[in-house]
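There are 2 protein chains.
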Amino acid sequence: MPGTRLDLHRIRAARKVIDPVFVDTPAYICEPLGRRLGCEVTVKLETANPVRSFKGRGSEVVMDGIAAGNGSGAVCASAGNLGQALAYSGRRRGIPVTVVAGTSANPGKLDRIRELGAELVLVDGDIENARAEASSIAAGRGIRLVEDSLDLDTCEGAATIGLELVESSRDLDVVLVALGGGAMATGVGHVFKALSPGVEVVCVQPSGAPAMTRSWHRRRVVTTDTIDTIADGVAGRHPIPEVLTDLLAVADDAVLVDEPSIKTGMRFLRDLAGLIVEPSAALGVAALLENPARFAGRRIATIICGSNVDVDDFTRWTSMEAEPALAD
Amino acid sequence: MPGTRLDLHRIRAARKVIDPVFVDTPAYICEPLGRRLGCEVTVKLETANPVRSFKGRGSEVVMDGIAAGNGSGAVCASAGNLGQALAYSGRRRGIPVTVVAGTSANPGKLDRIRELGAELVLVDGDIENARAEASSIAAGRGIRLVEDSLDLDTCEGAATIGLELVESSRDLDVVLVALGGGAMATGVGHVFKALSPGVEVVCVQPSGAPAMTRSWHRRRVVTTDTIDTIADGVAGRHPIPEVLTDLLAVADDAVLVDEPSIKTGMRFLRDLAGLIVEPSAALGVAALLENPARFAGRRIATIICGSNVDVDDFTRWTSMEAEPALAD
Numbered sequence: 001m002p003g004t005r006l007d008l009h010r011i012r013a014a015r016k017v018i019d020p021v022f023v024d025t026p027a028y029i030c031e032p033l034g035r036r037l038g039c040e041v042t043v044k045l046e047t048a049n050p051v052r053s054f055k056g057r058g059s060e061v062v063m064d065g066i067a068a069g070n071g072s073g074a075v076c077a078s079a080g081n082l083g084q085a086l087a088y089s090g091r092r093r094g095i096p097v098t099v100v101a102g103t104s105a106n107p108g109k110l111d112r113i114r115e116l117g118a119e120l121v122l123v124d125g126d127i128e129n130a131r132a133e134a135s136s137i138a139a140g141r142g143i144r145l146v147e148d149s150l151d152l153d154t155c156e157g158a159a160t161i162g163l164e165l166v167e168s169s170r171d172l173d174v175v176l177v178a179l180g181g182g183a184m185a186t187g188v189g190h191v192f193k194a195l196s197p198g199v200e201v202v203c204v205q206p207s208g209a210p211a212m213t214r215s216w217h218r219r220r221v222v223t224t225d226t227i228d229t230i231a232d233g234v235a236g237r238h239p240i241p242e243v244l245t246d247l248l249a250v251a252d253d254a255v256l257v258d259e260p261s262i263k264t265g266m267r268f269l270r271d272l273a274g275l276i277v278e279p280s281a282a283l284g285v286a287a288l289l290e291n292p293a294r295f296a297g298r299r300i301a302t303i304i305c306g307s308n309v310d311v312d313d314f315t316r317w318t319s320m321e322a323e324p325a326l327a328d
Numbered sequence: 329m330p331g332t333r334l335d336l337h338r339i340r341a342a343r344k345v346i347d348p349v350f351v352d353t354p355a356y357i358c359e360p361l362g363r364r365l366g367c368e369v370t371v372k373l374e375t376a377n378p379v380r381s382f383k384g385r386g387s388e389v390v391m392d393g394i395a396a397g398n399g400s401g402a403v404c405a406s407a408g409n410l411g412q413a414l415a416y417s418g419r420r421r422g423i424p425v426t427v428v429a430g431t432s433a434n435p436g437k438l439d440r441i442r443e444l445g446a447e448l449v450l451v452d453g454d455i456e457n458a459r460a461e462a463s464s465i466a467a468g469r470g471i472r473l474v475e476d477s478l479d480l481d482t483c484e485g486a487a488t489i490g491l492e493l494v495e496s497s498r499d500l501d502v503v504l505v506a507l508g509g510g511a512m513a514t515g516v517g518h519v520f521k522a523l524s525p526g527v528e529v530v531c532v533q534p535s536g537a538p539a540m541t542r543s544w545h546r547r548r549v550v551t552t553d554t555i556d557t558i559a560d561g562v563a564g565r566h567p568i569p570e571v572l573t574d575l576l577a578v579a580d581d582a583v584l585v586d587e588p589s590i591k592t593g594m595r596f597l598r599d600l601a602g603l604i605v606e607p608s609a610a611l612g613v614a615a616l617l618e619n620p621a622r623f624a625g626r627r628i629a630t631i632i633c634g635s636n637v638d639v640d641d642f643t644r645w646t647s648m649e650a651e652p653a654l655a656d
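Each protein sequence line maps, in turn, to chains A and B.
Following the working numbering, the numbering of the first sequence begins with 1 at its first residue and continues without gaps.
Following the working numbering, the numbering of the second sequence begins with 329 at its first residue and continues without gaps.
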């Protein structure tokens, strides 16, 4: 077993408490995409559910625990996807949820959080400012602080994606996982290293929000001062030490990709797979685009982690002509 | 049991021979869509698979039968989706497939049929000309003619969608089913009338290809001379008498929708559900748009039957401003 905070028995148990609408998601080989990218691409689709991202897996585990412990509420900082998911899972159980977001967050995601019945608190700045405010609210109100990636429930919920990929008996060489705070990367990575250690776990992060990737390579926490990426779902500046330790135990590599590749990845997923995805969900394809030689002919799984994107942004980003050369 | 050619035991058996990649598809309530349309909308998503439509369910049943009977091949007429699905299922079993399409068919769908290894025969004209040619090829080569909707395997394969909806225990008032040849409508309708007869089965067809709907209302086959719709997946002119008889036994209504509503439906599905869909898949939403009073406050399921649409067409159709008033 890989030496992380995660536990395979808890991950298996997590799957049983998650609303079925979030699990057993589609996984299929997308030949047009693979043909274009020079490898076999399995798409694991996490967008066909009420919150349009994989975060429902983790929020369900969190809220199941709160309900079991008679907790009175939860608060989280979120750029949108965790907030939506927590709001959904809280409403389902009658547990109040507060979401703290930066004023720069995606307006569509914020609308959905409100519509799902959560209290929304907006703070100036980015996700790191929101994290500080969420912590303060939790202390003041005596409610559960859900810190994405630090909170084991969020990692073990996300890990059920890995369980489904491993148990589907599909032959894989590489799994590409979007890297932000680290919940999905450590979760999916833990399961692969525990059950299918030969599969390479490659984390992908935008070069405009590289803190966790830099930290992984230097084996110590490295923070950054700014964030400059369209991939709002993975935009953090302050990696959490415990999560970095877990990631060091399960990731085989962590790579950075540039913004034009993310946009091209979104366009490829639209044109070749018929999918609308948010930038974070295109990180895997971006990695394939930036390093085709590394992945040529190999069997790759990429997790399409969310589709919460403003339509105008999506249209603009996917109409860009910038496309990295596919040749090595 | 409704008096059709279909059989519930065979439908249950069908599910066991279908490649798992086509079954147990996502079904979830899409609140943003429902809020906009004034009802509860459950999306049953049939696009997240290797052929991007529901047709793999039927093609798998067809090809399983051919393989069991040591058949030497199959031919079908198809605007694209059945052709892709048959090609996929044939390749999986090493059975040669020939697809006959009209020269007016969607080029992207035709490319995919070729890439899946099927022989592609193009004939002038529309799907009815292709049907005649397919019949002639089948007779000449002594191979199985797969006539969509007439061939019971295609209906009973599609019927497994209904089985999943019924068995999911979700409370529904209405199921909206795209109507073309009738395989999906009779299949899904049969299952609902057999197992959950209180649910209203409403078929939806474009007013530019109204033959089967007119036939259903007049209770006899009515043909049309022309086809004028962007919904290529449901564009037929000559309803099959046996299929009409089945449809009369299971459908509660059949309605026609106009082209602007189909385009608006596609745009709503893009903007509110994050889905790229082909026109046929937006027929249900188009029906909700055209008759909001009928569906107000009710629990509706709509089957998103395919996403094989040219990106430029999709962009053009979804950018149109035409939108029917939502008020009654």
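Every residue gets a Cβ at the ideal spot worked out from N, C-alpha and C, and that includes glycine.
Bear in mind the structure is a predicted one, so any value in this text is a computation, not a measurement.
Considering only the beta carbon of each residue, do B/Gly564 and B/Gly508 sit closer than 9 Å? yes
Please state the DSSP three-state secondary structure of B/Ser381. strand
Hey, how far is the Cα of B/Ala410 from the Cα of B/Ala511? Looking at the sequence shown, residue 410 of chain B is not Ala but Leu. Taking the straight line joining both Cα atoms gives about 11 Å.
Minimum length 4: unbroken alpha helix (DSSP H) runs contained in the region 434-468 of chain B: 435-443
With 9 Å as the threshold, decide whether the Cβ of A/Arg144 is near any Cβ in chain B. no
Just verifying my parser: in three-state terms, what is the DSSP assignment at B/Ala655? The predicted position of B/Ala655 is uncertain, since its pLDDT is 36 and thus under 50; no value can be drawn from it.
Determine the closest residue to A/Pro292 out of A/Val41, A/Leu6, A/Ala14, A/Met266, with distance taken between C-alpha atoms. A/Val41
Below 7 Å on C-beta distance, what does A/Ile29 contact in chain B? Pro378
Quick one: grab the DSSP three-state call for B/Asp335. coil
Contacts that A/Glu164 makes with chain B (C-beta to C-beta distance below 9 Å): Those within 9 Å of A/Glu164 in chain B number zero; the least Cβ separation is about 12 Å.
What does DSSP give as the partner residue(s) for B/Arg472 in the beta ladder? B/Ala402
Would DSSP call A/Gly181 helix, strand or coil? coil
Check whether the Cβ atoms of B/Phe382 and B/Val502 sit closer than 9 Å, and answer yes or no. no
Please confirm if A/Ile276 has its CB atom under 9 Å from at least one CB of chain B. yes
Could you tell me whether the region 632-649 of chain B touches the region 370-380 of chain B, where touching means 3 or more Cβ pairs closer than 8 Å? yes
Are B/Leu504 and B/Val530 closer than 9 Å when you measure CB to CB? yes
Answer with buried or exposed for A/Phe314, where buried requires no fewer than 16 other C-beta atoms within 10 angstroms of its C-beta. buried
Rounded Cβ spacing between A/Leu339 and A/Arg114 (contact assumed at less than 8 Å): Nothing can be reported for residue 339 of chain A, as the shown portion of chain A is limited to 1 through 328.
Exposed or buried, A/Ala13, counting other C-beta atoms within 10 Å across all chains shown (16 or more means buried)? exposed
Residue burial classification, B/Glu618 (beta-carbon count within 10 angstroms, cutoff 16): buried
CA-to-CA distance, A/Asp153 to A/Cys76, given in whole angstroms: 13 Å
Using the Cβ count rule (16 or more neighbours within 10 Å means buried), how would you classify A/Pro32? buried
Beta strand (DSSP E) segment containing B/Thr630, residue limits: 627-632
Over what stretch of residues does the alpha helix (DSSP H) that includes A/Ile262 continue unbroken? 259-273
Output yes or no for whether 9 Å exceeds the beta carbon distance between B/Val532 and B/Ala582. yes
For A/Thr229 and A/Pro210, what's the separation of their Cα atoms in angstroms? 10 Å
How many angstroms separate the CA atom of A/Asp19 from the CA atom of B/Ala610? 27 Å
Whole-angstrom C-beta distance between B/Ile465 and B/Gly430, which should lie under 8 Å: So it is not a contact: roughly 15 Å between Cβ atoms.
State the Cα-Cα distance for the pair B/Val549 and B/Val527, rounded to the nearest angstrom. 26 Å
Quick one, which of B/Ala614, B/Glu606, B/Gly612, B/Thr488 has its alpha-carbon nearest B/Asn434's? B/Glu606
Any Cβ of chain A within less than 9 Å of the Cβ of B/Arg565? no
Using a C-beta to C-beta distance shorter than 8 Å, which residues of chain A count as neighbours of B/Glu443? Glu31, Pro32, Arg35
Tell me the rounded alpha-carbon separation between B/Asp586 and B/Ala615. 9 Å
The beta strand (DSSP E) spanning B/Glu528 covers which residue range? 528-534
From A/His217, A/Arg131, A/Ser104, residue whose alpha carbon lies closest to that of A/Thr245: A/His217
Helix or strand or just coil, what does DSSP make of A/Val175? strand
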